[in-house]
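Residue numbers (our numbering): 200 to 679.
Quick reminder that beta carbons are idealized off the backbone N, C-alpha and C, glycines included.
All of these numbers come straight from a predicted model, not from anything done at the bench.
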Amino acid sequence: MVKICCIGAGYVGGPTMAVIALKCPKIEVAVVDISVPRINAWNSDQLPIYEPGLDDVVKQCRGKNLFFSTDVEKHVREADIVFVSVNTPTKTRGLGAGKAADLTYWESAARMIADVAKSDKIVVEKSTVPVKTAEAIEKILMHNSKGINFQILSNPEFLAEGTAIEDLFKPDRVLIGGRETPEGNKAVQALKDVYAHWVPEDRILTTNLWSAELSKLAANAFLAQRISSVNAMSALCEATGADVTEVSYAVGKDTRIGPKFLNASVGFGGSCFQKDILNLVYICECNGLPEVAEYWKQVIKINDYQKSRFVNRVVSSMFNTVANKKVAILGFAFKKDTGDTRETPAIDVCKGLMGDNALLSIYDPQVNEDQIQRDLSMKKFDWDHPLHLQPMSPTTVKKVSVVWDAYEATKDAHAICILTEWDEFKNLDYKRIYDNMQKPAFVFDGRNIANMEKLREIGFIVYSIGKPLDAWLKDMPAVA
Ligand SMILES: NC(=O)c1ccc[n+]([C@@H]2O[C@H](COP(=O)([O-])OP(=O)(O)OC[C@H]3O[C@@H](n4cnc5c(N)ncnc54)[C@H](O)[C@@H]3O)[C@@H](O)[C@H]2O)c1
Ligand SMILES: O=c1ccn([C@@H]2O[C@H](COP(=O)(O)OP(=O)(O)O[C@H]3O[C@H](CO)[C@@H](O)[C@H](O)[C@H]3O)[C@@H](O)[C@H]2O)c(=O)[nH]1
200 MVKICCIGAG YVGGPTMAVI ALKCPKIEVA VVDISVPRIN AWNSDQLPIY
250 EPGLDDVVKQ CRGKNLFFST DVEKHVREAD IVFVSVNTPT KTRGLGAGKA
300 ADLTYWESAA RMIADVAKSD KIVVEKSTVP VKTAEAIEKI LMHNSKGINF
350 QILSNPEFLA EGTAIEDLFK PDRVLIGGRE TPEGNKAVQA LKDVYAHWVP
400 EDRILTTNLW SAELSKLAAN AFLAQRISSV NAMSALCEAT GADVTEVSYA
450 VGKDTRIGPK FLNASVGFGG SCFQKDILNL VYICECNGLP EVAEYWKQVI
500 KINDYQKSRF VNRVVSSMFN TVANKKVAIL GFAFKKDTGD TRETPAIDVC
550 KGLMGDNALL SIYDPQVNED QIQRDLSMKK FDWDHPLHLQ PMSPTTVKKV
600 SVVWDAYEAT KDAHAICILT EWDEFKNLDY KRIYDNMQKP AFVFDGRNIA
650 NMEKLREIGF IVYSIGKPLD AWLKDMPAVA
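Given below as structure tokens:
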């Protein structure tokens with residue numbers, strides 16, 4: 200029986216391995232982590248991450264051929280294939296701070312594999328890493344090995360949160376990069392055989408190691424660039440009276456461009472886009488390509504601009520101050536159908552509004568108060584470290600209350616900011632909400648999900664990203 204071990208039981212390691220276990224009943228899969236609470240949660244009824252369909256997959260194979268454990272060394276020692284899916288945060292100090300990937304966790308995992316291994320192993324990069332990481336990992340593994348053969352493969356993950364199970368069941372492609380040697384080819388084939396249990400052969404792409412590593416960064420950069428492009432257009436739409444939904448629909452009808460991923464928003468969030476682009480920028484700079492670095496940097500700059508533009512719009516619309524005004528925040532997760540808040544635009548928007556002394560009342564169906572308080576008091580990039588290495592007792596942000604109901608959040612509020620596109624926000628009783636708010640009552644829709652016409656009929660003053668402005672907003676001072 201082939202044995203797989205995955206180091207890192209996070210958003211990638213957990214769902215990916217659960218699906219491998221489900222689709223390959225004859226493979227034994229162990230997911231290991233240094234975080235005891237995380238492993239305990241994977242072994243309980245309350246999984247550590249919220250992902251539609253995940254519970255069902257885990258329930259079907261946990262205890263049969265899927266195991267979650269903190270006994271990292273034992274499972275690594277026994278495995279034929281070791282996936283490494285640990286954090287690769289942005290460095291916050293030293294060389295490349297603010298851009299380069301911090302490979303501390305990866306390196307310690309590689310050293311541990313080299314120390315405990317007693318048989319040949321295929322080591323798979325599942326984490327997103329800089330190009331040429333495989334070379335460094337190879338050096339660590341080979342240098343310490345006692346005649347043991349390690350083959351390094353790059354097998355980046357393309358799942359998106361909220362649709363992870365769907366994406367894993369039917370991936371657009373699975374990418375496997377390996378050394379172009381007989382041993383390398385054999386390792387690539389072994390991993391291909393795993394995926395071939397459910398992924399059609401023409402969707403399993405094999406490349407050299409560096410192409411696989413770079414393709415992951417490139418794919419995220421291209422995706423994020425589409426969002427920054429449409430968000431840049433949204434600012435121009437507001438200035439000219441064009442409607443960004445109509446523009447992106449018309450643009451996306453061109454089959455060379457395509458309709459997906461063109462929704463204007465308050466900005467993209469999530470653990471990957473910003474981190475991976477910063478990483479790409481750093482690699483370009485290190486390779487003497489400042490113009491290329493500058494090009495990709497702009498994707499992040501527009502994203503930051505979009506978030507601050509939203510805050511400015513809120514403040515300027517409300518007579519240039521939100522001091523001591525209650526503002527309801529609907530949605531804190533970085534997108535719907537996940538409880539993940541890593542790099543969510545809600546953090547920057549909330550901090551921006553708090554900078555103007557607003558009183559925030561936050562509701563998200565999947566994010567609890569503790570998480571929101573942590574997010575609002577944590578330093579940039581600190582979130583991307585294993586839980587027990589993050590600051591433990593953040594100071595409570597006093598101007599923030601977290602409630603478990605949209606009606607409670609909006610009661611007596613002056614304004615509502617919709618920051619996550621949860622379906623339930625489309626169908627709220629907005630008349631009831633309006634009646635319980637201060638007047639004039641504002642809605643700032645950062646996800647373009649509310650029915651503007653209906654809200655205006657009720658009496659709200661409505662701002663929606665990239666949509667024609669209503670008279671009230673037009674008369675307000677220009678937004679920088
Ligand atoms: N989240 C996504 O949607 C996504 C998608 C594709 C790729 N990625 C990449 O995958 C990697 C993991 O991302 P994630 O979202 O799963 O992160 P995560 O923080 O959810 O999970 C990482 C886990 O690794 C554990 N860990 C760290 N060092 C360890 C060690 N030495 N031994 C054992 N466990 C260790 C941590 O405790 C944590 O539970 C990152 O490189 C990320 O960029 C993420
Ligand atoms: O048209 C769009 C599409 C997305 N977003 C926002 O972009 C962010 C990222 O969304 P999405 O890409 O759907 O989720 P992620 O889970 O971050 O997935 C991305 O990042 C993963 C980690 O690398 C990759 O594996 C995935 O392929 C890639 O889509 C979210 O804040 C979305 O709200 C928009 O604003 N407009």
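Contact under 8 Å by Cβ, residue i with residue j
i	j	result
LEU529	ALA605	yes
LYS474	ASP547	no
VAL231	ALA208	yes
VAL323	PHE349	no
ILE375	LEU340	no
PHE467	ASN502	yes
ALA545	ILE476	no
LEU461	VAL429	yes
MET553	LYS500	no
GLY551	SER507	yes
PRO639	ILE233	no
Neighbour-count burial assignment, residue i, 16 or more Cβ in a 10 Å radius
i	result
PHE624	buried
LYS680	Outside the modelled stretch of the chain, which goes from 200 to 679, sits residue 680, for which no answer is possible.
ASP563	buried
GLN637	exposed
THR537	buried
HIS274	buried
GLN259	exposed
TRP671	exposed
VAL256	buried
ASP644	buried
TYR448	exposed
GLN505	buried
THR289	buried
GLU493	exposed
LYS535	buried
ILE456	exposed
TRP603	exposed
ALA296	exposed
Closer than 7 Å: residue i CB and nearest ligand 1 heavy atom
i	result
THR287	yes
LYS258	no
ARG209	A small correction: the amino acid at residue 209 is Gly; Arg does not occupy that position in the sequence shown. Yes, ligand 1 has a heavy atom inside 7 Å of this Cβ.
ARG237	yes
GLY538	no
ILE375	no
VAL327	Reading off the sequence shown, one finds Thr at residue 327, where the question assumed Val. At least one heavy atom of ligand 1 is nearer than 7 Å to the Cβ of THR327, so yes.
PRO639	no
LEU358	yes
ILE312	no
Residue-level contact to chain C via CB, residue i, 8 Å cutoff
i	result
GLN259	This model lacks chain C altogether; it includes just one protein chain.
Rounded distance between the beta-carbons of residue j and residue i, thought under 8 Å
i	j	result
SER470	GLU542	6 Å
GLN379	VAL328	The sequence given here has Glu at residue 379, not Gln. That belief does not hold up - the Cβ atoms of GLU379 and VAL328 are roughly 19 Å apart, past 8 Å.
LEU479	LEU404	So it is not a contact: roughly 20 Å between Cβ atoms.
LEU253	VAL228	Contact doesn't hold; Cβ gap of about 15 Å is too wide.
LYS325	PHE282	5 Å
LEU558	CYS549	With 8 Å as the limit, LEU558 and CYS549 do not qualify as a contact, their Cβ atoms being about 11 Å apart.
CYS485	TRP495	14 Å between Cβ atoms; not a contact.
SER284	VAL211	5 Å
Residue i beta carbon near ligand 2 (any heavy atom closer than 7 Å)
i	result
ALA649	no
ASN407	no
GLY468	yes
SER353	no
LYS506	no
CYS471	yes
PHE460	yes
Closer than 7 Å: residue i CB and nearest ligand 3 heavy atom
i	result
ILE617	In the structure on display, ligand 3 does not appear, and the ligands it does have are ligand 1 and ligand 2.
Could you say if the region 323–338 and the region 363–371 meet the contact criterion of at least three C-beta pairs nearer than 8 Å?
The region 323–338 is not in contact with the region 363–371.
Within the chosen definition, does the region 506–526 reach the region 612–619 through at least 3 CB pairs nearer than 8 Å?
Taking a cut-off of 8 Å on C-beta distances, the region 506–526 touches the region 612–619, as three or more cross pairs fall below it.
Check whether the region 659–673 touches the region 509–522, counting contact only when three or more Cβ pairs, one atom from each stretch, lie closer than 8 Å.
Enough Cβ pairs lie closer than 8 Å, so yes.
At least three beta-carbon pairs within less than 8 Å, the region 307–314 to the region 388–400:
Segments in contact, no.
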